[in-house]
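Numbering (the numbering used here), first residue to last: 259 to 554.
For glycine and all other residues, C-beta sits at the position ideal for the given N, C-alpha and C.
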């Protein structure tokens with residue numbers, strides 16, 4: 259039996275469907291798989307087992323750096339809608355997720371060493387850093403330690419300096435998470451209008467972080483972000499939700515720190531915007547990386 263023939267109108271419809279499906283495939287880029295289906299690996303860093311997962315192939319690899327009290331699950335949306343055509347490396351920082359959580363000081367200098375141990379174990383050469391929240395300050399410390407390894411930097415709701423600058427108020431903030439009812443303070447950090455299922459998922463993830471790690475990493479963030487000097491010399495894409503924290507003054511300050519800054523905001527989102535609108539994040543990051551590559 260010969261090939262089936264379609265009339266002009268049906269052929270046009272089928273052609274349009276093919277274009278749409280092709281466009282969706284192109285938008286997804288890299289290897290799209292649920293984070294839970296990726297094989298876990300681990301590396302020993304300073305006597306601590308650090309877990310990571312990877313997806314896709316190609317350089318530069320993108321390393322995802324979670325924010326405070328978060329693990330790789332915070333980037334589940336990026337595993338399914340990749341913001342890069344290259345390899346993606348998701349890690350649980352020491353003290354988080356399935357990595358070991360010893361009673362110790364979780365300084366950003368030490369945590370940056372854990373990121374480097376994962377990069378080496380994964381065999382990645384040069385990387386794009388993709389960081390959320392105060393993970394951006396940690397990623398900045400990694401960049402300071404390993405400037406030759408980083409080609410570009412993506413910050414989602416990144417706080418490169420403490421959002422509370424007065425020491426007395428900062429001490430009060432840290433004290434909340436030393437109390438037995440610290441879960442109430444964790445819940446207060448999540449936007450009340452988040453999708454209820456996503457809000458519960460994020461709350462459970464954050465509460466799985468041991469309390470001693472929460473306190474130590476919060477202190478480390480305050481110390482590292484306050485003491486950080488020098489410029490971010492690689493291209494930086496800062497993605498933000500509208501917020502009173504991201505003032506014109508903060509943006510001007512960040513432009514001084516990162517001369518190659520590109521700033522974008524997404525209306526209708528909150529602090530976890532990469533979970534709320536992963537498709538927009540993927541499209542925006544890919545455009546940014548394409549411009550970086552074109553300018554290199």
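Cα-Cα separation between residue i and residue j, rounded to whole angstroms
i           : j           : result
residue 280 : residue 544 : A caution first: residue 280 carries a pLDDT of 38, below 50, which makes its placement in the model unreliable, though a value can still be read off. Taking the straight line joining both Cα atoms gives about 17 Å.
residue 332 : residue 375 : 21 Å
residue 315 : residue 430 : 45 Å
residue 390 : residue 323 : 7 Å
residue 555 : residue 303 : The shown model of the chain, from 259 to 554, leaves out residue 555, and the question about it has no answer.
residue 513 : residue 506 : 11 Å
residue 294 : residue 329 : 13 Å
residue 525 : residue 305 : 44 Å
residue 437 : residue 464 : 16 Å
residue 382 : residue 310 : 13 Å
residue 537 : residue 474 : 34 Å
residue 344 : residue 393 : 21 Å
residue 547 : residue 410 : 8 Å
residue 504 : residue 339 : 26 Å
residue 335 : residue 397 : 20 Å
residue 502 : residue 296 : 37 Å
residue 542 : residue 301 : 32 Å
residue 445 : residue 365 : 25 Å
residue 350 : residue 308 : 7 Å
residue 312 : residue 379 : 12 Å
residue 318 : residue 440 : 39 Å
residue 520 : residue 492 : 11 Å
residue 523 : residue 517 : 18 Å
residue 406 : residue 448 : 36 Å
residue 485 : residue 292 : 38 Å
residue 270 : residue 549 : Because residue 270 sits at a pLDDT of 39, beneath the cut-off of 50, its placement in the model cannot be relied upon, and the following sentence gives the value as read from the coordinates. Between residue 270 and residue 549, the C-alpha separation is close to 34 Å.
residue 299 : residue 443 : 33 Å
residue 479 : residue 395 : 7 Å
Three-way DSSP call (helix, strand, coil) for residue i in this model
i           : result
residue 486 : coil
residue 349 : strand
residue 513 : helix
residue 357 : coil
residue 556 : With the chain covering 259 to 554 only, the question about residue 556 has no answer from this structure.
residue 373 : helix
residue 530 : coil
residue 291 : coil
residue 404 : coil
residue 367 : helix
residue 334 : helix
residue 545 : helix
residue 468 : coil
residue 391 : coil
residue 458 : helix
residue 281 : Note that residue 281 scores a pLDDT of 38, beneath 50, so its modelled location is shaky; the value from the coordinates is reported in the next line. Looking at residue 281 - three-state DSSP - the assignment turns out to be helix.
residue 537 : helix
residue 475 : helix
residue 326 : coil
residue 423 : coil
residue 451 : coil
residue 428 : helix
residue 553 : helix
residue 296 : coil
residue 491 : coil
residue 362 : coil
Per DSSP, cross-strand counterpart(s) of residue i
i           : result
residue 302 : 307
residue 379 : Looking at the DSSP assignment, residue 379 forms no beta bridge with any residue, so it has no partner.
residue 386 : 320 and 410
residue 497 : 414 and 522
Anticipated Cβ contact below 8 Å, residue i with residue j, distance rounded
i           : j           : result
residue 528 : residue 499 : 5 Å
residue 469 : residue 435 : 7 Å
residue 252 : residue 387 : Lying outside 259 to 554, the shown extent of the chain, residue 252 is not represented and no answer is given.
residue 414 : residue 532 : 5 Å
residue 432 : residue 477 : 6 Å
residue 467 : residue 353 : 7 Å
Below 8 Å, can you find three or more Cβ-Cβ pairs linking the stretch 353-363 to the stretch 422-439? Contact fails: fewer than three Cβ-Cβ distances are below 8 Å.
Touching by the beta-carbon criterion (3+ pairs, under 8 Å), the stretch 415-422 and the stretch 447-457: With the cut-off at 8 Å, the stretch 415-422 and the stretch 447-457 do not touch.
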